[in-house]
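Student:
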Amino acid sequence: NAGVTQTPKFQVLKTGQSMTLQCAQDMNHNSMYWYRQDPGMGLRLIYYSASEGTTDKGEVPNGYNVSRLNKREFSLRLESAAPSQTSVYFCASSDGAEAFFGQGTRLTVV
Amino acid sequence: GENVEQHPSTLSVQEGDSAVIKCTYSDSASNYFPWYKQELGKGPQLIIDIRSNVGEKKDQRIAVTLNKTAKHFSLHITETQPEDSAVYFCAASSWYDYKLSFGAGTTVTVRA
Chain L
206 NAGVTQTPKF
216 QVLKTGQSMT
226 LQCAQDMNHN
236 SMYWYRQDPG
246 MGLRLIYYSA
256 SEGTTDKGEV
266 PNGYNVSRLN
276 KREFSLRLES
286 AAPSQTSVYF
296 CASSDGAEAF
306 FGQGTRLTVV
Chain P
2 GENVEQHPST
12 LSVQEGDSAV
22 IKCTYSDSAS
32 NYFPWYKQEL
42 GKGPQLIIDI
52 RSNVGEKKDQ
62 RIAVTLNKTA
72 KHFSLHITET
82 QPEDSAVYFC
92 AASSWYDYKL
102 SFGAGTTVTV
112 RA
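Chains as they are written, first to last, in my numbering: chain L, 206 to 315; chain P, 2 to 113.
1) Is residue 74 of chain P close to chain L? Criterion is C-beta to C-beta, closer than 7 angstroms.
2) Taking its Cβ as the centre, do 16 or more other Cβ atoms sit within 10 Å of residue 240 of chain L, making it buried, or is it exposed?
3) Hey, is residue 269 of chain L's beta-carbon within less than 7 angstroms of any beta-carbon in chain P?
4) Can you list, in chain order, the residues of the segment 13-47 of chain P whose Cβ is nearer than 9 angstroms to any Cβ on chain L?
5) Is DSSP giving residue 50 of chain P helix, strand or coil here?
6) For residue 299 of chain L, would you say it is in contact with chain P, using Cβ-to-Cβ distances shorter than 7 angstroms as the test?
7) Helix, strand or coil for residue 35 of chain P? Go by DSSP, reduced to three states.
8) Against chain P, does residue 257 of chain L count as a neighbour if the rule is that its beta carbon must be under 7 angstroms from one of theirs?
9) To the nearest angstrom, report how far apart residue 315 of chain L and residue 217 of chain L are at their CA atoms.
10) Can you name the start and end residues of the beta strand (DSSP E) that residue 77 of chain P belongs to?
11) Sorted by chain position, which residues of the same chain lie with C-beta nearer than 6 angstroms to residue 222 of chain L's C-beta, five sequence neighbours on each side aside?
12) Taking residue 253 of chain L as the query, report the chain P residues whose CB atoms sit under 7 angstroms from its CB, ordered along the chain.
13) Between the segment 47-66 of chain P and chain L, which residues of the former have a C-beta closer than 8 angstroms to a C-beta of the latter?
14) Are the CB atoms of residue 88 of chain P and residue 110 of chain P nearer to each other than 7 angstroms?
15) With a threshold of 8 angstroms on Cβ separation, who are the neighbours of residue 14 of chain P within its own chain once the five nearest residues in sequence on each side are excluded?
16) Measuring only between beta-carbons, confirm whether residue 224 of chain L sits less than 7 angstroms from chain P.
17) For a contact meaning CB atoms closer than 8 angstroms, what does residue 105 of chain P contact in chain L?
18) Looking at C-beta atoms only, is the number of pairs between the segment 227-239 of chain L and the segment 2-17 of chain P that lie closer than 8 angstroms three or more?
19) Hey, how far is the Cα of residue 91 of chain P from the Cα of residue 224 of chain L?
This is the structure:
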């Protein structure tokens with residue numbers, strides 16, 4: 206079982222470039238999440254999707270957009286990357302309680 | 002929104018000793034409190050969780066306690082082993098949206 210799969214694992218962007226982080230889950234979960242992890246700050250919620258067709262802002266949504274493409278896939282887009290978006294990004298899915306996390310995408314914006 | 006505070010930020014213990022990590026939360030609507038373990042280069046993984054209708058839960062060497070009145074919960078690891086070295090996160094969420102709010106994390110090092 207793959208669980209939650211994120212691509213890419215590593216990415217370096219120049220300031221102002223755009224990119225999309227991909228996430229797919231094979232557990233038939235309704236809820237999916239995007240978090241960012243920064244040193245000393247834990248994981249902070251960027252966006253979440255309670256079910257296919259719905260998305261809501263989390264704690265730190267500025268500079269990001271999301272798309273819940275179908276039940277399996279939830280993508281995160283950076284339209285114009287900034288150095289402050291250098292972070293490790295985690296996608297997660299949930300059946301209502303326990304959240305399962307992907308391996309993360311380490312993004313550096315120079 | 003929910004605010005979760007976690008202490009200590011780092012913890013070094015001798016192999017075989019116990020480790021305790023404490024968290025407090027602010028939102029009285031929170032009723033689900035999981036603990037995650039994150040190893041280097043990996044995503045967080047659930048190790049134990051507790052709901053607000055339970056005061057304590059154990060799973061082998063790990064246990065979690067919850068004090069709803071004081072809004073704090075703790076993780077206890079007994080007989081620590083080198084493989085317990087990792088970053089541990091507490092979190093809280095409510096039954097109606099399950100959006101997890103995380104503490105800042107505790108880096109646990111078990112000395113052989």
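C-beta atoms are modelled at their ideal positions from N, C-alpha and C, and glycine is treated no differently.
Tutor: Considering the structure as presented:
1) Sequence index remark: in the second sequence, residue 74 of chain P carries index 73 (1-based). No - not a single Cβ of chain L is within 7 angstroms of the one on residue 74 of chain P.
2) Locating residue 240 of chain L in the first sequence gives position 35, where the first residue counts as 1. Residue 240 of chain L should be labelled buried.
3) Translated into positions along the first sequence, residue 269 of chain L becomes position 64. By this cut-off, residue 269 of chain L is not an interface position.
4) 33, 35, 37, 39, 42, 43, 44, 45, 46 and 47
5) Taking the first residue of the second sequence as 1, we reach residue 50 of chain P at position 49. Residue state, collapsed to three classes: strand.
6) To locate residue 299 of chain L, count along the first sequence from 1; it is residue 94. So yes, residue 299 of chain L belongs to the interface.
7) Sequence index remark: in the second sequence, residue 35 of chain P carries index 34 (1-based). Reduced to three states, the DSSP call for residue 35 of chain P is strand.
8) The count along the first sequence starts at 1 and reaches residue 257 of chain L at position 52. No - not a single Cβ of chain P is within 7 angstroms of the one on residue 257 of chain L.
9) Position 110 of the first sequence, counting from 1, holds the residue named residue 315 of chain L. Position 12 of the first sequence, counting from 1, holds the residue named residue 217 of chain L. Distance between the alpha carbons of residue 315 of chain L and residue 217 of chain L: 7 angstroms.
10) Looking up residue 77 of chain P in the second sequence gives position 76. Residue 77 of chain P -> beta strand (DSSP E) spans 73-78.
11) Working through the first sequence from its first residue, we reach residue 222 of chain L at position 17. Contacts found: 286.
12) Counting from one through the first sequence, the residue named residue 253 of chain L turns up at place 48. Result: 100.
13) 47 and 50
14) In the second sequence, counting from the first residue as 1, residue 88 of chain P sits at position 87. In the second sequence, counting from the first residue as 1, residue 110 of chain P sits at position 109. Not closer than 7 angstroms, so no.
15) Here residue 14 of chain P refers to the residue found at position 13 of the second sequence. If we look at residue 14 of chain P and ignore the five residues flanking it on each side, its Cβ neighbours are 20, 81, 109, 110, 111 and 112.
16) Position 19 of the first sequence, counting from 1, holds the residue named residue 224 of chain L. No, because no Cβ of chain P sits closer than 7 angstroms to the Cβ of residue 224 of chain L.
17) Start at 1 with the first residue of the second sequence, and residue 105 of chain P comes out as number 104. Simply 245, 246 and 247.
18) no
19) Against the second sequence, residue 91 of chain P aligns to sequence position 90. Against the first sequence, residue 224 of chain L aligns to sequence position 19. Looking at the two C-alpha atoms, the distance is approximately 31 angstroms.
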